[in-house]
Structure formats: structure tokens, C-alpha cells
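The block underneath contains the structure these notes are about, expressed in C-alpha cells.
Numbering (UniProt numbering), first residue to last: 1 to 281.
As C-alpha cells, this is what we get:
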């Protein structure tokens, strides 16, 4: 014999009240589906002992949810000042905390969805305060300061190198502005590097540099002399060719500011007197 619906709902509400895992969120197993399923199995067993059929105890969770949603509807009507005529309203009063918590979550989700669909307009920046400056990167660069040339024409010694912290952006801009290096700057750079070398290596390096420069000068002079041209044009500028020559044996005797005339640099080496052979004893 099938139990009438009113008695079934009354017993179902009483048995659910005993299983707080089905409605109390503070229960540690509230989100555990296995524990909730076992709670409904216990309720179904109790209902069958009271005369409910297997068909009536099938899908108890759906039947309880229908009662819960109806209670929420009746609760809102009571909040608006109306009276509830539903017979199970007072029996389901134990669901009120869970209903209020569910309402708060629903309102929060609605506000978050509205904020995603309609984000607030950006706040205008205050004109009185400048925008924050980007973080500055610093790099330590070793520089070599070169003293100016003295009045007698000799080059001044290079000052002791020092370390100056400069910003990376300023360094990049200076490199872009001074991309074309002048001859004087190149000479100062070479002088700076030579001063950093020990004496034997510096002397050897100076000889190598002079050999390269003067060999190119001599080859150019010989080529122009053979062609009979006394002037060559370079970048729309006439460069006169002088009778100068470089002699490798006179490196240590010259001041390397300019090539000396041929009659001042080339010296005739005296003839060597052959040794007399020793008399055999």
C-alpha cells in the first residue's frame, strides 16, 4: 500500500533534519557526495520501514530539493509581509541558515558577473602629479680621460682611468650621437690603451702600429710616383703629396709626429771590414 503524499513529506522532512550533512554547510562532509548519498540511503530505509514503497523512496534528493525551493519561495513572500499557507513552512525552518547563505552567494555571483560585463571606467590621472618614471638601469663604464695637447706640440699624458656610473639610456644616446669617430678621438683611444700596457709590450705595439701606418704611406707614395700624379683627390679635397719616406731602421730615432725628409732619415751605414782569418798553428 502506498503512503499518502502528506505523510511522506512530513516523514521526509523529519529524517532530513537528523542528517545535517544534507543542508548544513559547516559539516565537514557537506561537499562529500559519497557521504550525502549514504545519508539518503539511510532516510530511504527509514521511510520504507514506515510503509513507503521503493518507488516513493527513489530519487529522494530530487524530492527534497523541491521542498527546499518551495520553502525559499515562501520565505521571500513572508519577508514581503505576506503570510504563508504552505503546511511545511514551519517544519522546514531548520533550512533558514542555508537558504540565507545561498542567497548571499547568489547576490555575490550576480555582482561579479555584472562587473565583468560592465567594468568601471578608468580613473583619470591627476594632472598635478607626473606619471611614475620607469625604473632606471645603471651600468658601470670604465672611461679614460685624455689631457689636451700642450703648447710645444707634444701630447699630454693620459690621466688615471676612473669609473663613472652612468645610466644605460644616456650611454646608448651618446653612442648614437657619436657614431662617427674623429681621427683625434681615435688617436686618444689608442694612446689610452698604450698607457695601460707594460713597457715592453707598449714599445712593441707602438712599432707595430707605426709599421702598418708607414707601410701604407710608402706604398701610396710609390704608386702615385709611378703614375706621374703629384696630387690625389679624396672626398672632393686635394691632398698634396710630399717627398717623404719611412725607414724601419730609424724608428727609435724619430719623433712620430710626422715623417722626416729622406735626407734626414736615411743614413749610410759604414762598410764593414772583413775579419782576417786566423793562422793555423
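We treat Cβ as the ideally placed atom computed from N, Cα and C, and that holds for glycine.
By the three-class DSSP mapping on this structure, what secondary structure does residue 36 have?
Taking the first residue of the chain shown as position 1, residue 36 is located at position 36. Helix.
With DSSP collapsed to three states, give me the class of residue 85.
Here residue 85 refers to the residue found at position 85 when the chain shown is read from its first residue. Here residue 85 sits in coil by DSSP.
Taking the C-alpha atoms as reference points, what is the distance between residue 54 and residue 14?
By one-based count along the chain shown, residue 54 stands at place 54. By one-based count along the chain shown, residue 14 stands at place 14. Looking at the two C-alpha atoms, the distance is approximately 19 Å.
Go ahead and label residue 43 buried or exposed: buried means 16 or more other beta carbons lie within 10 angstroms of its beta carbon, across all protein chains shown.
What you label residue 43 is simply residue 43 of the chain shown in a count that begins at 1. In this structure residue 43 is buried. Its beta-carbon is surrounded by 16 or more other beta-carbon atoms within 10 angstroms.
Could you check how far apart the C-beta atoms of residue 64 and residue 102 are, in whole angstroms? I think they sit under 8 Å.
For the purposes of this step, residue 64 is taken as the residue at position 64 of the chain shown. For the purposes of this step, residue 102 is taken as the residue at position 102 of the chain shown. 14 Å between Cβ atoms; not a contact.
Taking residue 58 as the reference, which of 41, 51, 74 has the closest Cα?
The sequence position of residue 58 within the chain shown is 58, counting from 1. That would be 41, whose Cα lies nearest to the Cα of residue 58.
If you reduce the DSSP assignment to three classes, tell me which class residue 196 lands in.
The count along the chain shown starts at 1 and reaches residue 196 at position 196. In this structure, residue 196 counts as coil in the three-state DSSP scheme.
Answer with buried or exposed for residue 47, where buried requires no fewer than 16 other C-beta atoms within 10 angstroms of its C-beta.
Your numbering for residue 47 matches position 47 in the chain shown. Buried, because 16 or more other Cβ atoms sit within 10 Å of the Cβ of residue 47.
Using 8 Å as the cut-off, can you tell me whether the stretch 77-86 makes contact with the stretch 25-42, which would need three or more C-beta pairs spanning the two stretches below that distance?
no
Let me confirm a value: residue 162 is counted as buried when at least 16 other C-beta atoms fall within 10 Å, else exposed. Which label applies?
If you number the chain shown from 1, residue 162 lands on position 162. Because the pLDDT at residue 162 is just 48, under 50, the model does not fix this residue reliably, and the value given afterwards should be weighed accordingly. Exposed, because fewer than 16 other Cβ atoms sit within 10 Å of the Cβ of residue 162.
Could you check where the alpha helix (DSSP H) with residue 50 kicks off and where it finishes?
Counted from its first residue, the chain shown places residue 50 at position 50. From DSSP, residue 50 is part of no alpha helix (DSSP H); its letter is neither H nor E.
Ordered along the chain, which non-local residues of its own chain (more than five positions away) have a Cβ less than 7 Å from that of residue 61?
Your numbering for residue 61 matches position 61 in the chain shown. Here the set comprises 40.
For the alpha helix (DSSP H) holding residue 78, just list the boundary residues, first then last.
Here residue 78 is taken as the residue at index 78 of the chain shown, counted from 1. Run containing residue 78: 60-79, per the alpha helix (DSSP H) assignment.
Run through DSSP, which three-state label would residue 27 get?
Against the chain shown, residue 27 aligns to sequence position 27. The answer is coil: DSSP assigns residue 27 none of H, G, I, E or B.
If you compare alpha carbons, which of 49, 94, 107, 56 is closest to residue 22?
The residue you call residue 22 lines up with position 22 of the chain shown. Nearest option by C-alpha distance: 94.
Please go through the same chain and pick out, in chain order, the residues whose beta-carbon is closer than 8 Å to the beta-carbon of residue 67, but skip the five residues on each side of it.
For the purposes of this step, residue 67 is identified with residue 67 of the chain shown, where counting begins at 1. Cβ neighbours of residue 67 beyond the five flanking positions: 9, 12, 13, 88, 92.
Quick one: using the 10 Å Cβ neighbour count with 16 as the cut-off for buried, is residue 71 buried or exposed?
By 1-based counting over the chain shown, the position of residue 71 is 71. By the neighbour-count criterion, in which a residue is buried when 16 or more other Cβ atoms sit within 10 angstroms of its Cβ, residue 71 is buried.
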